[in-house]
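A.B. asks: Everything in the sequence shown is counted per our numbering, starting at 20 for the first residue and increasing by one.
We put the CB at the ideal spot given by N, CA and C, even for glycine.
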Amino acid sequence: MILEHPTACRLVAEAELALPELVREVIAVCEIPAPTFHEAERAAYVERRMQEVGLREVRRDAVGNVIGRLRGNGTGPNLLIAAHLDTVFPAGTDVTVRPDGDILRAPGVGDNSSSVATMLHAARLLVKNDVPLAGDVIFAATCGEEGLGNLEGMRAVVEALKDEIDYVIALDGSLGGMVREGVGSRRFRLVVATSGGHSWGAFGAPSAIHSLGRIIARISELRVPTHPKTTYNVGVISGGTSINTIAARAEALIDLRSLDRGELVRLEERVLRIVRAEERESGVRATLELLGDRPTGSIPDTHPLCNLVRRVHRELGLQTRSYPSSTDGNIPLSMGIPAVTVGVTLGGNGHRLDEYIYTTPLTKGLAQVLLLVLGAQELPQRAR
C-alpha cells in the first residue's frame with residue numbers, strides 16, 4: 020500500500036489540514052476571468068504562484084501555458100501533471116465566488132479552477148516536504164482546452180516534452196473519475212451561399228436556408244454505431260436577412276465525435292457527401308471549414324497507470340468510475356504516451372452560470388494527486 024510509506028502518510032495528513040488555504044486558492048483562481056483564448060491574466064497569477072510554492076524553471080511558453088518543474092534524481096519516470104486554465108464563459112461573465120457552507124458557487128469554479136488550485140497545492144506540499152523523486156514532475160497550466168480552443172495548450176506542451184515525459188495525469192472532471200479513452204472530434208462551420216432575392220419576385224430561386232435545412236435533415240437521419248460510440252450534432256444555425264428575403268447565406272456549426280478514428284473519418288465523409296449532393300441538386304455553393312480536430316487515443320483498462328489510479332482511489336475510500344471523455348489527455352494518448360484524467364472534487368452544473376463544487380472533498384482530491392505522484396515513481400519508464 021502507498022499509505023504504508025511514511026512520506027505518503029505525512030502528505031495525506033497535510034492535505035487534510037490544507038483545506039482553508041486550498042479553498043482560498045480556488046476562489047482566487049476562479050475570480051480571474053479566463054475565457055478560451057484570453058487566459059493571460061489567470062496565467063500570470065498561476066506563474067507567480069508556481070514560483071511562490073517553490074517550483075523551478077517556471078516559464079510561460081509561446082501559446083500562454085505556464086510550466087514549472089520539480090527535478091528528480093534521473094532514475095525513474097518523468098510525470099506531467101496538467102490542469103487547464105480556460106473556462107467556457109465569455110468575457111464579462113460575473114465570476115464572483117459565492118460561499119454557501121460547504122459549497123462554492125460560481126461559473127468555472129469546478130471546471131477547472133478547483134483543478135488548477137489543487138495542482139498548485141500539490142506542488143507546494145511536495146516542495147515543503149522535500150519529497151525525494153526518482154523522475155521529474157512537470158506541472159503545466161494549459162490554455163485552450165475548452166470548445167474551439169482545440170486543446171491548443173496541451174498540444175504545445177506535449178510536443179515540446181514528448182521525448183521527456185513517460186506519463187501524463189490531467190486534472191479535470193469529478194473526484195473518483197478516471198478517463199483513459201479520449202473521445203475524438205471534428206468540428207466544422209458549414210456555410211451555404213447563393214444569390215438570394217425577393218421572396219415574391221424571385222420565388223423559386225435557391226435559398227441558402229432551405230438548402231441548409233435539407234442538409235441538416237439528412238444528417239439527422241444518419242445511422243451511426245453505438246460501439247464504438249459515434250455521434251453528430253448541429254449545435255448552432257444562423258442566416259438570412261428578413262422574412263421576405265430569400266436567404267443568400269446560412270451557416271451551421273457541426274460537431275462529429277467518436278471513440279474510433281476510422282469511424283470519425285467515415286462519418287465526416289458521409290456528411291461531406293450530403294453537402295455535395297445538395298450543391299448539385301439545388302445549385303448552391305457550400306463550404307466546410309474545419310474548426311477543431313481532437314484526436315482519439317486510449318490505454319487498456321489493465322495499464323499500470325490505470326491500476327495505480329484504482330489503487331490510490333481504494334486507499335482513499337473512493338470508487339473508481341472509468342468513462343470516455345474529451346480532455347487534455349487526448350493529446351498524449353494520441354501520441355502513444357500513457358495518460359489518464361482524474362477529478363479533484365465533487366459538484367454539479369458544469370458549463371452553467373450556477374456551477375458549484377463541494378469544498379470538503381478537495382482534501383481527498385489533493386491527497387489523490389500527491390499519492391499518484393508517489394506511486395508513479397515506481398512505474399517503469401516508457402520505451403522510446
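Using the Cα positions of residue 78 and residue 64, report the straight-line distance between them to the nearest angstrom.
C.D. replies: 12 Å
A.B. asks: Comparing the CB of residue 231 with every heavy atom of the ligand FAD, is any distance shorter than 8 Å?
C.D. replies: With respect to the ligand FAD, the structure offers nothing, as it holds no ligand at all.
A.B. asks: How about residue 283 and residue 203: are their beta carbons less than 9 Å apart?
C.D. replies: yes
A.B. asks: Just confirm the distance between the C-beta atoms of residue 201 and residue 369, as a whole number of angstroms; I'd bet it's less than 8 Å.
C.D. replies: Residue 201 to residue 369, Cβ: 18 Å. No contact.
A.B. asks: What residues are listed by DSSP as bridge partners for residue 187?
C.D. replies: 99, 358
A.B. asks: List the DSSP bridge partners of residue 258.
C.D. replies: DSSP, once it has assigned bridges, lists 269 as partnering residue 258.
A.B. asks: Would you call residue 121 buried or exposed, if buried means 16 or more other Cβ atoms sit within 10 Å of its Cβ?
C.D. replies: exposed
A.B. asks: Give me, in chain order, the residues of the same chain whose beta-carbon lies closer than 8 Å to that of residue 390; leave out the 5 immediate sequence neighbours on both sides.
C.D. replies: 21, 22, 27, 30, 31, 331, 334, 335.
A.B. asks: Measuring alpha carbon to alpha carbon, tell me which residue in 84, 277, 148, 241 is nearest residue 247.
C.D. replies: 277
A.B. asks: When the Cα atoms are used, what is the spatial distance from residue 45 to residue 194?
C.D. replies: 16 Å
A.B. asks: Please report the distance separating the alpha-carbon of residue 159 from that of residue 207.
C.D. replies: Taking the straight line from one Cα to the other gives about 29 Å.
A.B. asks: Going by the beta-carbon positions, is the gap between residue 362 and residue 191 smaller than 9 Å?
C.D. replies: The answer is yes: Cβ separation under 9 Å.
A.B. asks: Report the start-end ranges of each alpha helix (DSSP H) in the segment 272 to 328 that is 4 residues or longer and not cut off at the edges.
C.D. replies: Scanning the segment 272 to 328 for uninterrupted alpha helix (DSSP H) segments of 4 residues or longer gives 280 to 301, listed from N- to C-terminal end.
A.B. asks: Would residue 96 pass as a contact of residue 112 if the rule is Cβ separation under 9 Å?
C.D. replies: no
A.B. asks: Could you tell me which residues DSSP puts in a beta bridge with residue 249?
C.D. replies: 277
A.B. asks: Tell me, which residues are paired with residue 123 by DSSP?
C.D. replies: 118, 376
A.B. asks: Mind listing, in chain order, the continuous beta strand (DSSP E) runs of no fewer than 3 residues lying wholly within the segment 140 to 165?
C.D. replies: Within the segment 140 to 165, the complete beta strand (DSSP E) runs of at least 3 residues are 156 to 161.
A.B. asks: Terminal residues of the continuous alpha helix (DSSP H) containing residue 172?
C.D. replies: 171 to 180
A.B. asks: Contact between the segment 210 to 218 and the segment 351 to 360 is defined here as three or more beta-carbon pairs at a separation below 8 Å; is this criterion met?
C.D. replies: no
A.B. asks: Exposed or buried, which one is residue 133 when buried takes at least 16 other CB atoms within 10 Å?
C.D. replies: buried
A.B. asks: Which ranges does the beta strand (DSSP E) cover as unbroken runs of at least 3 residues, wholly within the segment 224 to 248, from first to last along the chain?
C.D. replies: none
A.B. asks: Could you give the DSSP three-state label for residue 217: helix, strand or coil?
C.D. replies: The answer is strand: DSSP assigns residue 217 an E or B state.
A.B. asks: Pull up the DSSP beta-bridge partners for residue 212, would you.
C.D. replies: Looking at the DSSP output, residue 212 sits in a beta bridge with 268, 304.
A.B. asks: Using the three-state DSSP reduction, which class does residue 87 fall into: helix, strand or coil?
C.D. replies: In the three-state scheme derived from DSSP, where H, G and I count as helix and E and B as strand, residue 87 is classed as strand.
A.B. asks: Are the C-beta atoms of residue 56 and some chain B residue less than 9 Å apart?
C.D. replies: This model lacks chain B altogether; it includes just one protein chain.
A.B. asks: May I ask you to report which of helix, strand or coil DSSP gives residue 106?
C.D. replies: strand
A.B. asks: Given a cut-off of 9 Å on the beta-carbon distance, is the pair residue 98 and residue 395 in contact?
C.D. replies: yes
A.B. asks: Residues in its own chain within less than 6 Å of residue 365 by CB, not counting five upstream and five downstream?
C.D. replies: In its chain, beyond the 5 residues on either side, 193, 194, 377, 380 have a beta carbon closer than 6 Å to the beta carbon of residue 365.
A.B. asks: Within the continuous alpha helix (DSSP H) that includes residue 384, where are the two ends?
C.D. replies: 381 to 395
A.B. asks: Tell me, please, whether the segment 55 to 74 touches the segment 152 to 168 by the rule of three or more beta-carbon pairs shorter than 8 Å.
C.D. replies: At 8 Å Cβ cutoff, the stretches touch.
A.B. asks: Express the C-alpha separation of residue 372 and residue 114 in angstroms, rounding to a whole number.
C.D. replies: A straight-line Cα-Cα distance of about 9 Å links residue 114 and residue 372.
A.B. asks: Taking a contact to mean a Cβ-Cβ separation below 9 Å, would you say residue 105 touches residue 54 in this structure?
C.D. replies: yes
A.B. asks: Residue 404 lies in the alpha helix (DSSP H); which residues open and close that run?
C.D. replies: Given a span of 20 to 403 for the chain in the structure shown, any question on residue 404 remains unanswerable.
A.B. asks: Can you check whether the CB of residue 312 is closer than 9 Å to the CB of residue 176?
C.D. replies: no
A.B. asks: Express the C-alpha separation of residue 295 and residue 140 in angstroms, rounding to a whole number.
C.D. replies: Their Cα atoms are separated by approximately 53 Å.
A.B. asks: From the DSSP output, in three-state form, read off residue 203 for me.
C.D. replies: strand
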